[in-house]
Each structure stands twice: as C-alpha cells, then as structure tokens.
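Remarks on the structure that follows.
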Amino acid sequence: MINDGAELSESEQLTQESVAAMEELEVAEEQVVDYSQLDKKDFVSLLENQLALAKSEKAKPADFKRTDELLKEVKVFFDQIKKSERDEAVRRFVAENGSEEGFEYKSDELTQRFESIYRQIKDVKNHYFQDLEKSKDKNFAVKTQLLQRLRELVDADESNAKNPGTSWQEFKKIQDEWKAAGNIASPHNSTLWATFHALIDRYYSNRNIYYELKELDRKKNLQLKGELVEKVEALAQSLEGQSLTRAILEEANAHFDEYKHIGPGPKAEQEVLWQRMKVALDTLHDARRAQTEEQKQILSQNYEIKSKIYETLVPFTAFTSSSINEWNEKTKEVVALQDQWVNAKGQMLREEGRELSKKFWATLKTFFHNKGEFFRQLESKREQNLKLKTELCEAVEAIIETGEDSAANTDKVIALQKQWKQIGQVPEKFKDSIFDRFKKSCDAYFDRKRAKNSEVEREFAENLSKKQAICDKIETGAKVGDANLKDLNAFKSEWSSIGFVPKKDMQAINKRYIDAVNSYVSTIGKLSSKEREQAILENEVAIATDGDSVRNLQRKEADIRRRMTQIENDLTIWQNNIEFFGRSKNGEKVRAEFEKKIVTAQKQLADLKHQLKIVREAL
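Written as structure tokens, this is what we have:
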C-alpha cells in the first residue's frame, strides 16, 4: 500500500494548487467597482446583498474574505459622503448663526441603516468563523477517536480471529464516520490522513480472509473514481467553447476533493485514473494561467488608458479665472474627460486600479471645488451689488415721495441711473425683480414730469394764442389810426398778465409785439418824439426776457452811454469856451446860442440818464 501513500502526497499537492488557482481566478474575475459614483442608497443596497450572502447556508470562508475586503473599500467612500454632508451642515449653520457653537449633527435614516447592516455583517462573520473553529476542533476530536477505534480494531484483528462479519461492519462504519467528520485545522490534517490510510492498509493486509470482499470494494471505489475523473475531463473539454470561470474551477476542485476521500482501487487501473485526473486538472490549470496572463494584459492596457485620462485631468486643478465663460469652457473639457473615463469600460489591475480611481475622482472633486469657490465668491459680490442697487431704488423712491420734479431732482435721478449702469450683476433670482423695481421708479418720476410738462405746454400754447390776439389788436389800431395812450397801457397790462409761451415761439412773438407797439406809438399824434422814444424803450425793456432781447438791451445801453459821452464832451467844450464869446463884437449873440445848446444838451443828457436807468433796471 506504499503506492496509496504516494497518491496522498501528490493529492495534497494538487489540492494546494487548486486552492491557489481559485484565489488567482477570484482576483482576475473580481471587478473593480467605481464606488465614487454610488450614493448612500446604492451603498445600503450593496450591504443588504452582502448580508444576505453572509447569512446563506452556502456561505464559505472565501465569501467572507471577499465581503470583508468590500466592507473596507465602501466604508472609506461612505465616510467621505458623511463628512461632506456634515461639512455642508456646519457651513449652513455658521452662515445662519455666525459660529459653530451649539451645532449638532444627526445622521439620516440611510446612514443609520448602512452602519447597522455593516455591524450585522461583522457579527455574522465573527460567529461563522467561531463556529468553524469549533467545528474543526470537534472534527479533530472525532477523527482522533475514530483512529483509536480503528487502531483497536486492527490490533484485535491481528491478535485473534474475531467474527469477520462484525469486524467488517465496524470497519465500514468507521470509514463512513471518518468521511462525514469534515475538515480539521492544519497542520494535523496530513498526519491524521497518513495514519488513517496506514491503518486501513494494515486492516486489508491482515484480513486476507476478506480478500474477495476487498477486491469488490476496490472495484466499486474504482468505478466511483472513474465517474469523478470523467466529470473533471468534461469540465476540461468544455473550455474549448468557453472561458474558464470560477464556477468551473470550484466544481473541478469539489470533484477532486471527493476523489481523494474514496478508498483505494485496483493498483493498475487506479494509476491510469490518477494520470487521467492529473491531465484534466493540468488542462484546467494551464487554461487558468493563460487566461490570467491575458486578463492581466487587458487590465494593464485599461490601466494605461485611464492613466492618460487622469494625467490630462491633473492640470485642471490649477486653473483659475475671473470669467464665468472661461470656467464654463473648462468645465466642458473636464466633463468630457469624465465621460472618457466612464466610457472606458473594462477592469484594471486591482491595487493599481483602486489607487488610480481614487486619485482621478479626487482630482475631479478638486476642480469642481475650485469652481464652486469661484461661484461662491461671485455670488457674494452679486449679493453686494444687489444691496447697492436696492439702495438706488430706495433713493429714487424717496425723490418721488417728495412730489418735486425740479431740475435738481431730475439731475439726481439721472445720476442714479448712471450709477446703476456701473454696478455689476446681481443674483440670478433677483435679476428681473430688482431691475423692474428700479425701472418702475424712474419711469414713475419721468412720467409725472412729462405729465406736468404737457400741462405747461398746453398753457404756453394758450398764452401764445392770447399774445397773438393782442398783437392783432395793436396792429389793427395802428392801421386805422385809432391809437391812444389809454388803450396802449391797457394792451401792455394785458400782455404782462399773460404767462410764458413755448420757447420756440418766444422770440417771434416778442419781436411782433415790439414792432406792433412801436408802430402803434408812432401813430399817436399827441406824443412828442421824446415821449415816443421813452414809450418804445419802456416797451422793449418790459419784454426783455429771452437772450436775444437781453443782448438788444445791452446794445441799447452801449448806444445810450456812447451818446451820453458825446453830449458830455460837447458840454465840457461849450462850457469852457463860452467865456470867450463875450469879448467879440457879436459875442453876446453867440453866447446866447451856445447857452441854448447847453440847456438842450443837458435836457438830452437827463433823458439819456433816465433811459439808461430803465435799461439797467431791466438788465
């Protein structure tokens, strides 16, 4: 039975290879999930599925190992979400209250559910492995007792001939109990297996009386092993139409494990089966190694593609600008890179991929954080602009409340409108309302001013019609020769009682009036030239209201002063020379003429002084 011992050693080697193959295949098949794209609801759903798997009767140590790794990964991302939500809550609290004093944060229902399921999975895992260890310890004790029973059976069989039937039944019972006992903790497993098989060999060697029965049992064992070999071979052949999966490798390993637990068969046939089993397992292992290498190449290529996307994204974290359009353009580029990343389907090398994914999403987050900071500052500036524009609205409304539409107030409103244009934008939600408020206020002021101006214009037009009627009367009186001072004074009084006329008509109507009065005065027969001149001057002075009339009066003043200067110069000469006239033969006569000239000149000078006074008072 030395060959059986050799078979056990090689079996144990293949078992280790199968386990290693399973672990490598699990790594190759495991998808790198981008947990940064999940929300809290997704994480809760993910943990619920893991909890159901952990509680399943089919759960294995490998399942708990994968679950434990998953928990470590998702906990990091979920904690980031929790931290972001708390930071935002703190920010809002500080914005409302001025400090963090008194701040309290309570997790929402999803967060509480996540943490509860997380703890449940940990508890299920701990209980599972505790029970597993207890089971292994129990199995060790059971197998130790079975070995003792088997040793006693073999020793008794060697020392004396017991009832063969009783011995055989006990032997088969021990074998069945051994198989049902399950696994135990290493390193005792191989030792117990070696001892168990050695005792079985002794039993069969010593029980030559049951050789035929032994052969029948071995044939049965050979048949069972053959069936298992065929199943493993079928799995190896199935690789021609499909890729190796973890399920296929698990099934092959289960068949091989069952193969090991079946007792020995005929030597020659058993060796053939063993070689067939080895070839089938080698085929699966070779496929696994080739597939793993191919997958590694694909994973490496996917990693290189996403690395280039990440490297392209990194410079965007240093971007800064005061332009909204530039930020929006950069955002389009960043979103395009994000789309490239998401659309780059395929897995990456596990550790490298996890680290690269973490860096990519962190970099993306940094860009959008910087953008958010820019818009927060922009919003703060817009809030200040809103305050300034609100103050302008209040200023216009205050002017309206005074009820005055003076030139000064009009200038103030115009100045406020200029200030409005110099102030930047306000928050979007207030853009229309604040503009409507300011426009409504300004429109109200100028509408009221225009309304008053319309009334004034109507009044001015009526005044023009009245003054035109007076001119008609004066012109008619001058034509028919019915002019007199009484009517003239009445016309003047009526003219003075009438208010302003439209500015565009002021010069024409004033000129017409002056011409009409001058013509009227010239037809009054009882007036001297002096009286006419005086009346004409007073008339001109009376209506000197516009710029042209003022300039005419100024010219009139200059002319009067020139005439006064000439008269004064003449008077001076005459008065200085009048004494010389008395010495001549006709001196008295000449003296009398000059004295007459002096008196006339003095009267003229007095009249001019009076006219100058009238003109100066008008100016």
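Just so it is clear: in the sequence shown, position 52 is 54 by the working numbering, and no numbers are missing.
Backbone N, C-alpha and C define an ideal beta-carbon position, used for all residues, glycine too.
Between Ile401 and Lys414 a beta carbon distance of about 6 Å is seen, short of the 8 Å cut, so the two are scored as contacting. Between Lys360 and the set Ser408, Ser309, Ala200 and Asp341, the nearest pair of CA atoms involves Ser309. Annotated as distal: Ile476 and Val503, with beta-carbon spacing of 8 Å or more. Secondary structure within the region 255 to 342: the alpha helix (DSSP H) runs of 4 or more consecutive residues, fully enclosed, are 269 to 315 (chain order). Here the alpha carbon of Pro429 sits roughly 9 Å from the alpha carbon of Asn387.
Two segments are said to touch when three or more pairs of C-beta atoms, one from each, lie closer than 8 Å; by this definition the region 242 to 254 does not touch the region 196 to 205. Within its own chain, the residues whose Cβ lies closer than 7 Å to the Cβ of Arg151, once the five positions on either side in sequence are excluded, are Ile176, listed in chain order. With distances taken between CA atoms, Arg439 lies nearest to Trp422 out of Arg452, Lys451 and Trp422. Selection Lys615, Tyr261, Val592 and Ser524 evaluated against Ala560 yields Lys615 as nearest (Cα-Cα).
Rounded to whole angstroms, Lys598 and Asn465 show a C-alpha spacing of 50 Å.
Judged by DSSP in its simplified three-state form, Leu246 adopts coil rather than helix or strand. DSSP, read as helix, strand or coil, puts Asn191 in helix. The region 117 to 129 and the region 60 to 71 touch, with three or more beta-carbon pairs separated by less than 8 Å. At the C-beta level, Leu49 and Tyr120 come within 8 Å of one another.
DSSP, read as helix, strand or coil, puts Thr525 in coil. Beta-carbon to beta-carbon, Leu53 and Asp65 are separated by about 12 Å, too far to satisfy the 8 Å threshold.
Contact check for Leu380 against Ile425 fails: the beta carbons are separated by 8 Å or more. Straight-line spacing of the CA atoms in Glu396 and Lys383 works out to 20 Å. In terms of Cα proximity to Val234, the closest of Arg220, His257 and Gln225 is His257. As the crow flies, the alpha-carbon of Ile580 is around 24 Å from that of Asp609.
If you keep only unbroken beta strand (DSSP E) runs of at least 3 residues inside the region 113 to 151, you get nothing at all. With a cutoff of 8 Å on beta-carbon distance, Ser109 and Phe79 are scored as not near each other.
Taking a C-beta distance under 8 Å as the contact criterion, Ile500 and Lys454 do not qualify as a contact pair.
Excluding five sequence positions before and after Arg153, the CB atoms of its chain that fall closer than 7 Å to its own CB belong to Leu201, given in chain order. Remark: C-beta atoms of Leu237 and Glu260 do not approach each other more closely than 8 Å. Of the residues Gly228, Phe173 and Ser192, the one whose Cα lies closest to the Cα of Asp203 is Phe173.
DSSP places Ile425 in the coil class of the three-state scheme, outside both helix and strand.
For Asn223, same chain residues with a beta-carbon under 6 Å away, outside a window of 5 residues either side, are Ile264, Gly265 and Gly267 in chain order. Close CB contacts of Leu315 within its chain, under the 6 Å cut and outside five residues either way in sequence, are with Leu339 and Thr365 (chain order). Excluding five sequence positions before and after Gln606, the CB atoms of its chain that fall closer than 7 Å to its own CB belong to Ile569, given in chain order. Shown here, Leu48 sits in a helix according to DSSP, grouped into three states. Out of Glu242, Phe318, Met350 and Phe321, the CA that lies nearest to the CA of Ala289 is found in Glu242. Annotation: the continuous alpha helix (DSSP H) that includes Ser359 extends over Arg352 to Thr404. Between the region 336 to 356 and the region 290 to 305 there are three or more inter-stretch CB-CB distances shorter than 8 Å, so the stretches are counted as touching. A Cβ-Cβ separation of about 53 Å leaves Val336 out of contact with Ala282 under the 8 Å criterion.
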